[in-house]
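Participant:
Chains as they are written, first to last, in the numbering used here: chain L, 540 to 958; chain E, 540 to 958.
Right under this line is the structure:
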């Protein structure tokens, strides 16, 4: 197949943008398939190492240039980014973006723009930086019965959890280092509140299950409320606490999803995913689990995914959204039974207890306490709305007995088939 | 994109073939994109649960049927398989295969057949069962500076190493269980000698670096000579012994490759890849490492990859062999300096010593001994040819000082760029 010559207009000259500019100058990396013609930056007062004829502060210098056939969007304002991307697609330009908030929030508009103007729009870098998740979910897990996708999707919070848990560094200091290393979003509360992971999960849901929901519709618990009682609980059981995003199909055909801290056993794949690394596990009936791990934040890994998308445009690659357009039902549910750990100031014990379906362990000292047990997702959500300072940590998703039987029967049948 | 209707002719009705037949009958799994019209099996005496009009023992019943547009080849004789695949492609049929030996051995012929007859030929299942390695190497690591691919590519030997090392089970018993579980090749010596892993490495080399070499040209050490002295050495250092295939680019631009047992540190990704699982690590300048893990053998995972390939045909997917056809030089080298551990019967100590560039540790008791130190790959090969019973285990690839400096400079420059 003949490679298409790509002429790029780049929006945003921050970490990733400036890196991409340098890297595209290196012959070995790019195979000279793409050149950057124009860069539109935000701040005219900032000194930049770009030839003056390449630099501009007016978006129309890219949008109105017919020679530019690819827009690479690397700004960090989701609304402004969407305006740019929309205009670029309306002018028939292909678009590559790393903006998870924009992709998640404006997904339906972006999907229809792709259909209407028949232009590709790629955004692998929006999810776990360099890990090729979107493409694999889109292309590889097409036929197989995908059961679940779960993982650590946010590098910044994983870095903080690693430092505070493994190395006993203070939360504020760990956050400061994460920011200095360029791991955190420009607004770190997006990371810490779990919202960044929820945006990414919303994107994975599209390509894994053909379902689009807004970030606000994903039950999300961040890491800011995790305290020393929680850490001690994990430590005593040789477990770690990780911020895990999860989407899974149950026997009723419904897909359920949420982002929340989870206790991870020492023999679990995610236990070993530390620092800024991300790790994602897919589960299918036929292949069982697949595990993907790699750096989940940072300018270089993010550039790497942007480059892969640019290269793919050279071969006319585009997402087909196979699962989104397929005829099958895509039911979602916002409720299920979970086994969780909830810790609280001691005065709240009775209040918290009422929300549980069944209490397992109960602990208290003069200041704090925790319960473990089963609780519905809906009750957990209600509890969170009442008191944001409570600490929720997932132990497991409860699997109904009939679901266990169904799964066992599937496996047994499968084994019989192959004997 | 409209899905193409696929009518399949299936060769081979063993583990994977019969599983695929059952799975393609399940609507949920396939989306009804593909139907099996005819199955050609080998042994007419074996009773099979197939409708008589679907079953045949004559290959022309598939090859001469113009309605059949996809041949799925799941037999285990590489030469006979190639004859079938060649004939199918000449008749314009797309082909899916899981036969690593055939793909590796006949690769150049198969490549030219794809060009000449413009038919896709997919073989994801030939490498690490269900893990999507070939497609990711082909599509995703296109632009980036891929530095190395290494991993555990053979599920059967990994199962045996896990059982003998972790659980102290006898080699012969572990092999027997691997065979009973359907993990081993029909001729298990292919697994144990490392040849199966070498076939797979040969396929990865095509898609990772655009290089094709025959299995015979890959220096290969199996697992049969690993003994209790070696295991004790690993155990004392909190390491495991894994059979690792490795291909890597060095500063001179040459790609080097081999398959041999390696000591793996407890904090290394591959340390946790046990039992029948495979694990592969890619390293690129921009993205650093990516780790893929999943079941590396067994009928279900293999079927899963075959199904993904069939689904991809529905969307006109084919390998572009981008790196093979790209203009850049593809130099290979069969020599480099390695840090290895070699164990031997005590009488051979002086003989072995002569091959080393430099000796580090030396150990001996009344029966056995080992050296660690540096040795050239060429000398290791010579030593293996002289005495196949010696045990070689890789400790590390020696990186020249200038190469370390180059790598450090790259990283430093990259970091500076992004500051």
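Glycine is no exception: its CB is placed at the ideal position from the N, C-alpha and C atoms.
1) Report all residues from its chain with a CB closer than 6 Å to the CB of residue 610 of chain L; omit the five preceding and five following residues, and keep chain order.
2) Mind checking whether residue 739 of chain E and residue 692 of chain E have CB atoms under 7 Å apart?
3) Using a Cβ-Cβ distance cut-off of 7 Å, determine whether residue 833 of chain L contacts chain E.
4) Any idea if residue 759 of chain L is buried or exposed, counting beta-carbon neighbours within 10 angstroms, 16 or more meaning buried?
5) In angstroms with no decimal places, state the Cα-to-Cα distance between residue 861 of chain E and residue 644 of chain L.
6) Which term fits residue 755 of chain E, buried or exposed, when burial requires 16 or more other beta carbons within 10 angstroms of its beta carbon?
7) Answer yes or no: does any C-beta atom of chain L fall closer than 7 Å to that of residue 850 of chain E?
8) Measure from the alpha carbon of residue 583 of chain L to the alpha carbon of each residue in L/930, L/597, L/709 and L/573, then state which is nearest.
9) Short of 6 Å in beta carbon distance, which residues of its chain neighbour residue 870 of chain E, apart from the five on each side in sequence? Order them along the chain.
10) What are the residues that DSSP puts in a beta bridge with residue 647 of chain L?
11) What whole-angstrom Cβ distance do residue 816 of chain E and residue 786 of chain E have, given they're in contact under 8 Å?
12) Taking the straight line between their C-alpha atoms, what separation do you get for residue 676 of chain L and residue 746 of chain L?
13) Counting pairs of Cβ atoms below 8 Å between the segment 802-812 of chain L and the segment 685-702 of chain L, do you hit three or more?
14) Any idea if residue 776 of chain L is buried or exposed, counting beta-carbon neighbours within 10 angstroms, 16 or more meaning buried?
15) Since residue 609 of chain L is in the beta strand (DSSP E), which residue starts that stretch and which ends it?
16) Starting from the C-beta of residue 569 of chain L, find all residues in its chain whose C-beta is less than 6 Å away, skip the five residues before and the five after it, and write them out in chain order.
17) Identify every residue that forms a DSSP beta bridge with residue 730 of chain E.
18) Could you name each continuous beta strand (DSSP E) segment of 3 residues or more that falls completely within the segment 844-924 of chain L, going from the start of the chain to the end?
19) Check whether the Cβ of residue 886 of chain L lies closer than 7 Å to any Cβ atom in chain E.
20) Ignore the nearest five residues each way along the sequence and tell me which others in residue 813 of chain L's own chain have a CB closer than 8 Å to its CB.
21) Residue 824 of chain E by DSSP, collapsed to three states: which one?
22) Under 7 Å Cβ-Cβ, which residues of chain L neighbour residue 700 of chain E?
23) Taking the alpha-carbon positions, what's the residue 891 of chain L to residue 930 of chain L distance?
24) Just checking: is the beta-carbon of residue 826 of chain E within a distance shorter than 7 Å of some beta-carbon in chain L?
25) Given this structure, state the Cα-to-Cα distance separating residue 622 of chain L from residue 741 of chain L, to the nearest angstrom.
26) Would you say the segment 822-840 of chain L touches the segment 868-886 of chain L, given that touching needs at least three Cβ pairs under 8 Å?
27) Give every residue of the same chain whose Cβ lies closer than 6 Å to the Cβ of residue 821 of chain E, excluding the five residues on either side of it in the sequence, and list them in chain order.
28) Contact check, residue 800 of chain L vs residue 765 of chain L under 8 Å by CB: the rounded distance?
29) According to DSSP, which residues form a beta bridge with residue 818 of chain L?
30) Have a look at residue 846 of chain E and residue 825 of chain L and give me their C-alpha separation to the nearest angstrom.
31) Within 7 Å (strictly less), CB to CB, does residue 797 of chain L reach chain E?
32) What separation, rounded to the nearest whole angstrom, lies between the Cα atoms of residue 712 of chain L and residue 730 of chain L?
33) If residue 576 of chain L sits next to residue 546 of chain L, beta carbons under 8 Å apart, how far is it from one beta carbon to the other, in whole angstroms?
34) What number of angstroms, rounded off, separates the C-alpha of residue 872 of chain E from the C-alpha of residue 681 of chain E?
35) In chain order, what residues of the segment 574-602 of chain E put their CB closer than 7 Å to some CB of chain L?
Facilitator: From the atom records:
1) The residue you call residue 610 of chain L lines up with position 71 of the first chain. Here the set comprises 548, 627, 632 and 634.
2) Taking the second chain and counting its residues from 1, the one referred to as residue 739 of chain E is at position 200. Taking the second chain and counting its residues from 1, the one referred to as residue 692 of chain E is at position 153. Closer than 7 Å, so yes.
3) Your numbering for residue 833 of chain L matches position 294 in the first chain. Answer yes: the Cβ-Cβ gap between residue 833 of chain L and chain E drops below 7 Å somewhere.
4) Here residue 759 of chain L refers to the residue found at position 220 of the first chain. The residue is buried, with at least 16 neighbouring Cβ atoms inside 10 Å.
5) Within the second chain, residue 861 of chain E is the residue found at index 322, counting from 1. Within the first chain, residue 644 of chain L is the residue found at index 105, counting from 1. Going by the C-alpha atoms only, they are around 35 Å apart.
6) Taking the second chain and counting its residues from 1, one reaches residue 755 of chain E at position 216. Exposed: under 16 other Cβ atoms inside 10 Å.
7) Residue 850 of chain E sits at position 311 when you count from the first residue of the second chain. True, the Cβ-Cβ gap to chain L drops below 7 Å.
8) To locate residue 583 of chain L, count along the first chain from 1; it is residue 44. Looking at the Cα atoms, L/597 is the closest of the given residues.
9) Along the second chain, read from residue 1 onward, the residue named residue 870 of chain E stands at position 331. Within the same chain, residue 870 of chain E has close Cβ partners 792 and 793.
10) Residue 647 of chain L sits at position 108 when you count from the first residue of the first chain. Answer is none; residue 647 of chain L lacks a bridge partner.
11) As a position in the second chain, residue 816 of chain E is number 277, starting the count at 1. As a position in the second chain, residue 786 of chain E is number 247, starting the count at 1. That pair is no contact at about 20 Å.
12) Start at 1 with the first residue of the first chain, and residue 676 of chain L comes out as number 137. Start at 1 with the first residue of the first chain, and residue 746 of chain L comes out as number 207. Computed Cα separation, rounded: 6 Å.
13) yes
14) Residue numbering aside, residue 776 of chain L sits at position 237 when the first chain is read from its first letter. The residue is exposed, with fewer than 16 neighbouring Cβ atoms inside 10 Å.
15) By one-based count along the first chain, residue 609 of chain L stands at place 70. Counting along the chain, the beta strand (DSSP E) containing residue 609 of chain L begins and ends at 609-612.
16) The sequence position of residue 569 of chain L within the first chain is 30, counting from 1. Low confidence applies to residue 569 of chain L: its pLDDT is 48, below 50, so where it sits in the model is not reliable, and the reading given next is rough at best. Closer than 6 Å at Cβ, skipping near neighbours: 563.
17) By 1-based counting over the second chain, the position of residue 730 of chain E is 191. According to DSSP, which records beta bridges pairwise, residue 730 of chain E is partnered with nothing at all.
18) 876-884, 897-903 and 907-915
19) As a position in the first chain, residue 886 of chain L is number 347, starting the count at 1. Not one chain E Cβ lies under 7 Å of residue 886 of chain L.
20) Mapped onto the first chain, residue 813 of chain L falls at position 274. These residues qualify, in order along the chain: 697, 701 and 705.
21) Numbered from its first residue, the second chain carries residue 824 of chain E at position 285. Correct three-state label for residue 824 of chain E: coil.
22) One-based indexing of the second chain puts residue 700 of chain E at position 161. The contacting residues do not exist; residue 700 of chain E stays about 18 Å from chain L at best.
23) Here residue 891 of chain L refers to the residue found at position 352 of the first chain. Here residue 930 of chain L refers to the residue found at position 391 of the first chain. In a straight line, the C-alpha of residue 891 of chain L is about 11 Å away from that of residue 930 of chain L.
24) For this step, residue 826 of chain E is matched to residue 287 along the second chain. Yes, residue 826 of chain E counts as interfacial toward chain L.
25) Walking along the first chain from the start, residue 622 of chain L turns up at place 83. Walking along the first chain from the start, residue 741 of chain L turns up at place 202. Approximately 21 Å between the Cα atoms of the pair.
26) no
27) Within the second chain, residue 821 of chain E is the residue found at index 282, counting from 1. If we look at residue 821 of chain E and ignore the five residues flanking it on each side, its Cβ neighbours are 688 and 829.
28) Locating residue 800 of chain L in the first chain gives position 261, counting from the first residue. Locating residue 765 of chain L in the first chain gives position 226, counting from the first residue. Yes, they are in contact, since the Cβ atoms of residue 800 of chain L and residue 765 of chain L sit about 6 Å apart, within 8 Å.
29) Your numbering for residue 818 of chain L matches position 279 in the first chain. BP columns for residue 818 of chain L point to L/691 and L/832.
30) Numbered from 1 along the second chain, position 307 holds the residue referred to as residue 846 of chain E. Numbered from 1 along the first chain, position 286 holds the residue referred to as residue 825 of chain L. So the two alpha carbons sit approximately 10 Å from each other.
31) Your numbering for residue 797 of chain L matches position 258 in the first chain. It does not; no Cβ of chain E falls within 7 Å.
32) Mapped onto the first chain, residue 712 of chain L falls at position 173. Mapped onto the first chain, residue 730 of chain L falls at position 191. Their Cα atoms are separated by approximately 15 Å.
33) Taking the first chain and counting its residues from 1, one reaches residue 576 of chain L at position 37. Taking the first chain and counting its residues from 1, one reaches residue 546 of chain L at position 7. Yes, they are in contact, since the Cβ atoms of residue 576 of chain L and residue 546 of chain L sit about 5 Å apart, within 8 Å.
34) Translated into positions along the second chain, residue 872 of chain E becomes position 333. Translated into positions along the second chain, residue 681 of chain E becomes position 142. Going by the C-alpha atoms only, they are around 22 Å apart.
35) none
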